[in-house]
Amino acid sequence: MSIYCLQHVEFEGPGAIAAWARSRDRKASVVCLHRGEGVPAVDDLVGLIVLGGPMSIHDSDTYSWLADERALIREAVNHDKPVFGVCLGAQQIAAALGAKVVPASTKEIGWHSVQRVSSEGVGKLLPPMFTPLHWHGEAFELPVGAVLLARSEAVRHQAFSIGKRVVALQFHLEATPDSVRALVNGAGGQIGESPYEQSATRILEGVDGCMALNEILYALLDRLFL
Numbered sequence: 147m148s149i150y151c152l153q154h155v156e157f158e159g160p161g162a163i164a165a166w167a168r169s170r171d172r173k174a175s176v177v178c179l180h181r182g183e184g185v186p187a188v189d190d191l192v193g194l195i196v197l198g199g200p201m202s203i204h205d206s207d208t209y210s211w212l213a214d215e216r217a218l219i220r221e222a223v224n225h226d227k228p229v230f231g232v233c234l235g236a237q238q239i240a241a242a243l244g245a246k247v248v249p250a251s252t253k254e255i256g257w258h259s260v261q262r263v264s265s266e267g268v269g270k271l272l273p274p275m276f277t278p279l280h281w282h283g284e285a286f287e288l289p290v291g292a293v294l295l296a297r298s299e300a301v302r303h304q305a306f307s308i309g310k311r312v313v314a315l316q317f318h319l320e321a322t323p324d325s326v327r328a329l330v331n332g333a334g335g336q337i338g339e340s341p342y343e344q345s346a347t348r349i350l351e352g353v354d355g356c357m358a359l360n361e362i363l364y365a366l367l368d369r370l371f372l
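Structural data, given as structure tokens:
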């Protein structure tokens, strides 16, 4: 059995999640849904990690696997398997558990500060203030029973947890210098001119902060999967 990472596009892979798995001697299998690979069976999961992507959760007519993914998330939660989501993955978790995902008041792209709002449970693993990478234009509402963990100036719901097994992050703690370059190359055309959208140059200049973010990521993944 394995921790399964669901990947949606070529340029948004597991990043530092893969390094975490190697360092903890955990098997992490990447399922490339964008290449036609199907979602795994819930009984094969040790846990589930749902990565980011430029599509909307509402694009099931174009990407039929989005609905399959949400069904798997619900099954994993019902079977008490740990589930961790990043950006689109966090939105998929929210939608799978009955919450709305709607256009944000502004796109949020680049390095923007996030404030912890709860130290309950896994919330205590987040610093009071930190600056992760963002790349999203939609935002999730909170599922029933969720605890809001963090917010930013632009987007009120940045992270939530449910019990001890579910964590959803709107931002990218898994960012590495290589993954940030891949994201800029793959999705840089999405960058606009709102106050919360940084230039590709500015984003690439911020990659020195990845290591500190990865330390937070490791702490969260340790709590969920070890």
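For the sequence shown, the numbering used here begins at 147 and goes up steadily by one.
Just so it is clear, CB atoms sit at the ideal spot from N, CA and C, and this is done for glycine as well.
According to the neighbour-count rule (16 or more other Cβ atoms, all chains shown, within 10 Å of its Cβ), is residue i buried or exposed?
i	result
K310	exposed
G161	buried
R401	In the structure displayed, the chain extends from 147 to 372; residue 401 sits before or after that span and is not available.
S360	This sequence places Asn at residue 360; Ser is not what is there. The residue in question, N360, is buried, as its Cβ has 16 or more Cβ neighbours within 10 Å.
T208	exposed
G198	buried
G159	buried
V290	exposed
A358	exposed
P273	exposed
Round the Cβ separation of residue i and residue j to the nearest angstrom and send it over; I've been treating them as touching at under 8 angstroms.
i	j	result
L366	L271	6 angstroms
L286	A236	Correcting the residue identity first, residue 286 is Phe in this sequence and not Leu. Correct: roughly 6 angstroms between the Cβ atoms.
Enumerate in chain order the residues of its own chain whose CB-to-CB distance from residue i is below 6 angstroms, with the five nearest sequence positions on each side excluded.
i	result
E266	V293
Y364	W166
D175	Residue identity check: residue 175 is Ser in the sequence provided, not Asp. Excluding residues within five positions, the ones whose Cβ falls inside 6 angstroms are S148 and Y150.
I362	L319
Going along the chain, which residues of its own chain have a beta-carbon closer than 7 angstroms to the beta-carbon of residue i, five neighbours each way excluded?
i	result
I239	V196, I219, V229, G231, V312 and A314
K246	E287
A222	V188, L191, L194 and V229
A328	F157
Thinking just about the alpha-carbon of each residue, which of the options is nearest to the one in residue i?
i	options	result
S249	I203, V177 and Q153	In the sequence as displayed, the identity of residue 249 is Pro instead of Ser. Looking at the Cα atoms, I203 is the closest of the given residues.
H280	G244, R297 and P289	R297
H318	I337, S206 and H258	H258
R369	V155, R170 and H154	R170
Q153	V177, K173, A241 and R172	V177
F371	A321, V353, V192 and A217	V192
Sorted by chain position, which residues of the same chain lie with C-beta nearer than 8 angstroms to residue i's C-beta, five sequence neighbours on each side aside?
i	result
E284	S202, I203, Q237, V247, V248, P249 and A250
G244	P289 and V290
Q.
I'd like to know if the segment 299 to 308 and the segment 344 to 363 are in contact, where contact means that at least 3 CB-CB pairs between them fall below 8 angstroms.
A. no
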